[in-house]
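Residues in the sequence shown are numbered from 7 upward in steps of one, following our numbering.
Data first, discussion second: the structure below is written as structure tokens.
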Amino acid sequence: MSSTIIVPAAVSAPPAPQNGPSDWSEAVRGNAFSNIERLGQWIGGTNIPANNDPSGSFAPVASQSLGTGSTPPTIHVLVHGWAPGYRSVVDAQNGSVLWWGANADLDGAWPSDFAWLPASAPSLQINSTGLLQSIVAQDSQAIVLAYSWLDDSATDKGFLDLTEVYQSEAYTHVNGLRLADALEQAIASSFWNTHTGLLHLIGHSHGSKVASVAALTLQQRGYRVAHLTILDSPESELTLEANGANLLGFYLEQAQIADPSFDCAAGAFVDNYASYFGVGYTGGSQLGNIVEVALQPSEIFAIDKPGDRHGYAATWYGGAAAGAASQDEPPLGLAWPPAPKDYQPALNQNWPGGASEHAQWKLQAGTPIGSVFSYGYAPLTVKTDWGEGNVSGDPSTTLLFGPASGAWPAYSIFKGGYDNALDGDGYGVAFDLSWTAPQAGDYLVVTVESPDDGGQEVIAVLDGQSAFSGTTSVAVNSDASSVFSALSLYVYFLAAEGNTTGSVAISNFRTVTVADAEGRLRARRLAAAAAKTAETVPEADSEVAL
């Protein structure tokens, strides 16, 4: 069932099309790795790397090398998220840098180093080791992997500036497909055929979407995913309004999620931890099976430490199993499943008595203390403005993109228009995508209007090197709204040089709506609509007014 293409050499970024978006050179990148090369196996045990350098604690992963035997160990995979401020590191290596590589540090600091370093707050310890070591401590026989997409998730701007966060989000879906393919390659076929082989995917930040897309893709290919852990997936209004939200509700509703109240329930056990950007999920029947944990890092991290609050879901999860045991509290974190008997509607970190080691690991069931989002979907009418190159079909049914004629690089381009009401709940665009005869060097890029300046910005990049089989459903965050004219959407397809047969089909456009129980999102939308309308309505002519 694998559709993986092994590529021995890096694929360069596609050249910008004429009159393409201004952020193309920053947001559309090459690919230096085959899918399996993005996996690294943690071989550091429970040790903390010397000088904080993780490079000696990872080993490459070979095809069909993992999970062999009649009773294979559990395989855990950790996926990092957005890497703000690390773009210069990636560019200095021409994209050939892995998360744990010796060349991945910025002034001695690696991104998402909660994976292998201890974590603490000013008033207490969170995890005495890293998350990877915590997995080994919990299960000494486990196979522990990490997945790197640092070359795609790194941006120039730091954590306090969300203007570039959409560039990381644009690569979440393709890296989910890559991860699924890499695991299909790396894990022995016998692992999938035994009931004892368990696969656990863990994602932090944008990495939670990578892990979720991978889990859904593997399920759709007929493979069992036992456990999916979501660590502070960016969903809040801060990321929604920056085109940086994961919209995980869209993907999770398609997945098979196990009912935690039944030991033998089919599907994946899914636990979700919100600490800063994250939210709880509600809506479809699948979302109701998620074990929700609402953390409250504001008790131990000041308001000017948003990065620590965002990372707390990951550091807390790493320390939770040992921490809860040390305080005689019920099992938590890596000790799940099973979840506690009383876990609905959410398990809240209320810090009874204030910040303390005991209070940190004491969760109480009740109404969620954080935001809870629901997701909806409706058909989206996309009207054709124009097409260029080899584009056929209609967005109401199927758009088909093929190699354009003429000297390479020749793009096939579609420009369409759609509406998103100022006072509506539309925060995303979704579509179905299938790729025929993909090749390394093929690229598909989708752009929408920026919610800030109205210019086009890249919100999805997929490439032929990361080939996938069948159809994949993509959801992209788009906060822009229309006033007097439709919003513009562009799709660019570039076939690899010499590829004359490949094609991409896009169909089933729909709007992704997002709402919260408190009504905060709607209130912000209405306030923004009022301000935008006031800016666009011309002043009355004084003579007419008289």
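Cβ coordinates follow ideal geometry from the N, Cα and C atoms, glycine included.
Remark: three or more beta-carbon pairs, one from each stretch, lie closer than 8 angstroms, so the segment 43–59 and the segment 91–110 are flagged as touching. For the pair Ala192 and Ile306, the CB atoms are not nearer than the 8 angstroms cut-off. In the displayed model, His316 falls within a helix according to three-state DSSP. Per DSSP, the continuous alpha helix (DSSP H) segment holding Phe197 begins and ends at 195–198.
Proximity to Leu84 across Ala56, Val34, Ser218, Gly273 peaks at Ser218, based on C-alpha coordinates. Annotation: the segment 7–94 contains the following complete segments of the beta strand (DSSP E) (minimum length 3 residues), in chain order: 45–48, 64–66, 81–85.
DSSP links Gln226 through a beta bridge to no other residue.
Burial state of His212 is buried, judged by a 10 Å Cβ sphere holding 16 or more other Cβ atoms.
For His364, the uninterrupted alpha helix (DSSP H) run begins and ends at 363–366, by DSSP. No Cβ-Cβ contact shorter than 8 angstroms links Val464 with Pro23.
DSSP places Val482 in the strand class (E or B) of the three-state scheme. Residue pairing from DSSP leaves Ser159 without any beta-bridge partner. In this structure, the alpha-carbon of Ser214 lies about 21 angstroms from that of Ile375.
Per DSSP, Thr517 is one residue of the beta strand (DSSP E) stretching across 509–522. Counting the other CB atoms within 10 Å of its CB gives Val510 a total of 16 or more, which places it among the buried residues. Here Phe379 is buried, its C-beta having at least 16 other C-beta atoms within 10 Å. The segment 438–445 and the segment 225–239 do not touch, with fewer than three beta-carbon pairs separated by less than 8 angstroms. The beta carbon of Leu234 sits closer than 7 angstroms to the beta carbons of Leu207, Ala217, Ser218, Ala221, Ala274, Val276 from its chain, once the five residues preceding and following it are set aside; these are given in chain order.
In the three-state reduction of the DSSP assignment, Phe437 falls in the strand class, which pools E and B.
In the displayed model, His201 falls within coil according to three-state DSSP, outside both helix and strand. Val518 is positioned such that its CB atom lies closer than 8 angstroms to that of Tyr433.
The residue among Leu450, Gly75, Thr135, Trp88 with its C-alpha nearest the C-alpha of Asn58 is Thr135.
By alpha-carbon distance to Asn37, the top candidate from Pro55, Ala56, Ala16 is Ala16. Take Trp414, set aside five residues on each side of it, and the residues of its chain with a beta-carbon closer than 7 angstroms to its own are Glu503, in chain order. About 11 angstroms separates the CB atoms of Ile132 and Ser140; that is not less than 8 angstroms, and the two are not in contact.
In this chain, the alpha helix (DSSP H) harbouring Asp187 covers 178–192. Taking 8 angstroms as the cut-off, the beta carbon of Thr453 is found no closer than this to the beta carbon of Tyr424. In terms of CA proximity to Asp448, Phe407 leads the group Gln99, Leu244, Phe407. Scanning Gln147, Pro312, Leu301, Ala327 for the CA closest to the CA of Ala319 turns up Leu301. When the Cα atoms are used, Ala466 and Gly460 turn out to be separated by approximately 17 angstroms. The way I'd put it, the segment 151–161 does touch the segment 79–94; three or more beta-carbon pairs between them come closer than 8 angstroms. The beta carbons of Ala327 and Gln147 sit no closer together than 8 angstroms.
As for any alpha helix (DSSP H) of minimum length 4 sitting wholly inside the segment 265–336, the runs are 312–332, ordered along the chain. When only Cα atoms are considered, Asp187 and Ser491 end up about 41 angstroms apart. Close CB contacts of Ala65 within its chain, under the 8 angstroms cut and outside five residues either way in sequence, are with Gly46, Gln47, Ile49 (chain order).
Here Ser418 is buried. Its C-beta has 16 or more other C-beta atoms within 10 Å.
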